[in-house]
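Visitor: Let me begin by handing over the structure; questions about it come next.
Numbering (this note's numbering), first residue to last: 167 to 993.
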């Protein structure tokens, strides 16, 4: 028999006598006994809930929210409200919730994962830094793939057809070459999606957007060298090709709150900002037919769902490439040996190599900002956009872990281990002006980014009695992040790294009240890595940012009720210090406007989570979950909060390690009264304080309800009807708490029959046709113009005259209703 800890790696689950077994703490326990908050989705639940993506998993997991902001890239999973605006956008800024595949750390995007090759998914909630390692500050999501057959031959075939030209074909075959000793499996999936019928490109004559295509190939070999030694080897390949992703800017003309000078009224794309006796600069007089506004509102307040029917826009002439192309190889090796003494040695290794190409026209609207300067005082239109993002990244990472554990049957149990992780990301940027016949993207070196993490860890468990157990976990880690910037040259113009040492830990006290009920309490210290902002942060004094820390307290109760019911209930309080916020900084010439990560706030997050199910009969099950998350800043000073409050002024530099509640005006002779206020828009409000504001990208309420009916029709045929409903309350998109997505309500279901080894079903996804934006990003309206409040006027430099124009936002889009059919044949 394969060894338990290798068969069930961290947070895996399997159905045993209708009881879920998890190893979230590296030991086998039932879900109701494990003193940790964990949601486990079995293969049957994945099928019955129609789960296709990480977003679907989040909808059915209490306390897990997922913001699909950039198509099938740049994922930002949020567990228990610990969100970060820049996570996945800026290298090194991390979400704090990490992915694992077969227990091996995985730092890439997983939306294109072949879910049909997954046997179980487990979401472990709360800080797991001591046991799981880097970037598990708020939790861990583990995907466990299917293992080969231990006896004979087995396999499956599946086909899906759905609206919007969606087609999927999946096949898997598994063969035991030597029974219970050596087996292998091969699987493949082809997926094609024609894009939502509502996603027509307003900037390209209504061309279809959001098309997706994936090819996944996987191979697994399982070898039992002896009764005490087992190894599993897995290798996967993925190839993804997506067309232009559906984004759309909500222009500054829609702004409706916070009057001030950083508004459309003070930008004019065709205005000469220089004194009349000087010739106009290259930016003047070259914007044809742009939409402008005379409104002096600086921001939009309200729900963005009102714009859900607006057509997306990506200008094909604005960047060398639109869409996503990704090729990836990912492999793991797991080894376990059990000694005669009962001690256990486990080792794991992971390797990932990814080539990623992404591109978007980053003004996200109809109209061009295209020019080339012939001289300091003359420019002509061209197809080379001012703002575009075409980037490639060649990522290679490895991870190694070894762990030695004592006999799990003993009253006192312990483990020690070591961990190593290394990642290198070599990036290039494309430009229309550099394109040649041999180089369609016009690529030039942009940066090389590195991460190295080394750690030692250990656990200690002591059964004080048959019912009471004390558990301790600890990890010491050293992480180094490096950043080289080339700016198109072959020699780095910037080369810096930073190293952080951390000791994280966890203590758990668990008690078995009876055979049916257990309770626990825990305290954990977690850490989210710091990093390097790079040269763009040097001028503002933000070259580096520190780790974010959390002190987490949790109480839980688990049990069975009325014979057929099960529930888990947990409550928690997380005290977060040095919260990593996003701070806008000046643009680098020829590139994109950027933000940097800064530690300038603290937060407190508390919440309650419930999950449960009840079997009303042998044929009918009902279940659901609820999460209440109160994520609130307790302190923090935000630069743009000051601009909004003051009427459009810039805040003077302040100590980010001890942020004030009020700021002073930058560059003004009187730091509390502006020198320049031509239209009387100064409000007198110099507050930059965000305390009391909600943490963005997280929902206060999440609800999931489902019913599953499986009933006999004949001796060889069963019928089934499944339905599920999820609700997620509105999310704020930034710390200002002015702009929000709107609530999301999704109803889905399946109806069908199973006959011997065949399953036929009709399914409906998002039957409510919910179109609320899954995410939005604070942005800027470039077509309103460049920096048109003249710097020649004394005191005007105190005003936020950012070259990118007034603030706006851009939306990502949610798939609408889909009806489809599925056939599955097992053999």
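All residues carry an ideal CB built from backbone N, CA and C; glycine is no exception.
Measure how close the beta-carbons of residue 872 and residue 778 come, nearest whole angstrom, since I'm counting them as under 8 Å.
Guide: Wrong, their Cβ atoms sit about 11 Å apart, outside the cutoff.
Visitor: Whose C-alpha, out of 379, 467, 814 and 774, is nearest the C-alpha of residue 245?
Guide: Closest by alpha carbon: 774.
Visitor: Whose C-alpha, out of 985, 388, 970 and 912, is nearest the C-alpha of residue 224?
Guide: Among 985, 388, 970 and 912, the Cα nearest to that of residue 224 belongs to 912.
Visitor: In angstroms with no decimal places, state the Cα-to-Cα distance between residue 656 and residue 613.
Guide: Distance between the alpha carbons of residue 656 and residue 613: 10 Å.
Visitor: Is the beta carbon of residue 669 sitting closer than 8 Å to the one on residue 713?
Guide: No, they are not a contact pair.
Visitor: Quick check: what's the CA-CA separation for residue 583 versus residue 427?
Guide: Going by the C-alpha atoms only, they are around 57 Å apart.
Visitor: Is the beta carbon of residue 593 sitting closer than 8 Å to the one on residue 557?
Guide: Yes.
Visitor: Are the Cβ atoms of residue 208 and residue 286 separated by less than 8 Å?
Guide: It is a contact, given that the beta carbons lie within the stated cut-off.
Visitor: Give the C-beta separation of residue 620 and residue 644 to the nearest angstrom, bearing in mind that I take them to be a contact with Cβ-Cβ under 8 Å.
Guide: Indeed, because the Cβ distance is near 5 Å, the residues count as touching under 8 Å.
Visitor: Compute the Euclidean distance between the alpha carbons of residue 837 and residue 848, then round it to the nearest angstrom.
Guide: The alpha-carbon atoms of residue 837 and residue 848 are separated by roughly 13 Å.
Visitor: For residue 846, count neighbouring C-beta atoms within 10 Å of its own C-beta (all shown protein chains included) and say buried if the count is 16 or more, exposed if not.
Guide: Counting Cβ neighbours within 10 Å, residue 846 comes out exposed, since fewer than 16 surround it.
Visitor: Kindly list the residues whose CB is nearer than 6 Å to the CB of residue 992, restricted to its own chain and excluding five residues on each side of it in sequence; keep chain order.
Guide: Around residue 992: 322 and 923.
Visitor: Thinking C-alpha only, which one of 479, 955 and 520 is nearest residue 491?
Guide: Looking at the Cα atoms, 520 is the closest of the given residues.
Visitor: Are the beta-carbon atoms belonging to residue 326 and residue 333 less than 8 Å from one another?
Guide: Yes.
Visitor: Tell me whether the beta-carbon of residue 471 lies closer than 8 Å to the beta-carbon of residue 907.
Guide: For residue 471 and residue 907, yes; Cβs fall inside 8 Å.
Visitor: Give me the DSSP bridge partner(s) of residue 975.
Guide: Beta-bridge pairing links residue 975 to 416 and 944.
Visitor: Determine whether the beta carbon atoms of residue 591 and residue 559 lie at a separation below 8 Å.
Guide: Yes, the pair counts as a contact, with Cβ atoms nearer than the cut-off.
Visitor: Can you tell me which of the three DSSP states residue 252 falls into?
Guide: Note: residue 252 maps to coil in three-state DSSP.
Visitor: What are the complete beta strand (DSSP E) segments, minimum 3 residues, inside the segment 777–810?
Guide: Complete beta strand (DSSP E) runs here, min 3: 786–802.
Visitor: Applying the criterion that 16 or more other CB atoms from any shown protein chain within 10 Å of the CB defines a buried residue, is residue 394 buried or exposed?
Guide: Per the 10 Å Cβ criterion, exposed.
Visitor: Please name the residue, chosen from 581, 589, 585 and 574, that lies closest to residue 1004 on a Cα-to-Cα basis.
Guide: Nothing can be reported for residue 1004: it is not among the residues displayed for the chain, which extend from 167 to 993.
Visitor: Tell me, to the nearest whole angstrom, how far the beta carbon of residue 511 is from that of residue 566; I am working on the premise that it is less than 8 Å.
Guide: That belief does not hold up - the Cβ atoms of residue 511 and residue 566 are roughly 14 Å apart, past 8 Å.
Visitor: Quick one, which of 889, 303, 196 and 384 has its alpha-carbon nearest residue 280's?
Guide: Checking every option, the nearest Cα to that of residue 280 belongs to 384.
Visitor: Along the chain, where does the beta strand (DSSP E) that runs through residue 568 open and close?
Guide: Counting along the chain, the beta strand (DSSP E) containing residue 568 begins and ends at 555–571.
Visitor: So does the segment 691–699 actually touch the segment 299–310, counting three or more Cβ pairs closer than 8 Å?
Guide: The segment 691–699 vs the segment 299–310: in contact.
Visitor: Given this structure, state the Cα-to-Cα distance separating residue 220 from residue 289, to the nearest angstrom.
Guide: The alpha-carbon atoms of residue 220 and residue 289 are separated by roughly 11 Å.
Visitor: I want to know whether the segment 881–898 touches the segment 851–870 - three or more CB-CB distances under 8 Å.
Guide: Touching, per the Cβ criterion.
Visitor: Once the 5 residues before and after residue 499 are set aside, which same chain residues still bring their CB inside 6 Å of it?
Guide: Answer for residue 499: 399 and 515, listed in chain order.
Visitor: Can you list, in chain order, the residues of its chain whose CB lies under 7 Å from that of residue 757, leaving out five sequence neighbours each side?
Guide: Low confidence applies to residue 757: its pLDDT is 40, below 50, so where it sits in the model is not reliable enough to give any reading.
Visitor: Whole angstroms is fine: what's the gap from residue 646's alpha carbon to residue 242's?
Guide: So the two alpha carbons sit approximately 22 Å from each other.
Visitor: Provide the residue(s) that pair with residue 594 in DSSP beta bridges, ordered along the chain.
Guide: Residue 594 pairs with 558 and 611.
Visitor: Which term fits residue 996, buried or exposed, when burial requires 16 or more other beta carbons within 10 angstroms of its beta carbon?
Guide: Any question about residue 996 goes unanswered here, given that the chain covers just 167 to 993.
Visitor: Could you check the C-alpha separation between residue 696 and residue 642 for me, to the nearest Å?
Guide: Going by the C-alpha atoms only, they are around 16 Å apart.
Visitor: Whether or not the segment 418–427 and the segment 474–484 are in contact is what I'm after, with contact meaning three or more pairs of Cβ atoms, one per stretch, closer than 8 Å; do they touch?
Guide: As far as the Cβ criterion goes, the segment 474–484 does not touch the segment 418–427, which means the pair count is below three.
Visitor: Relative to the C-alpha of residue 414, which candidate in 475, 459, 214 and 240 has its C-alpha closest?
Guide: Of the candidates 475, 459, 214 and 240, the one whose C-alpha sits nearest the C-alpha of residue 414 is 475.
Visitor: Relative to the C-alpha of residue 709, which residue among 743, 699, 274 and 266 is closest?
Guide: Ranking 743, 699, 274 and 266 by Cα distance to residue 709 puts 699 first.
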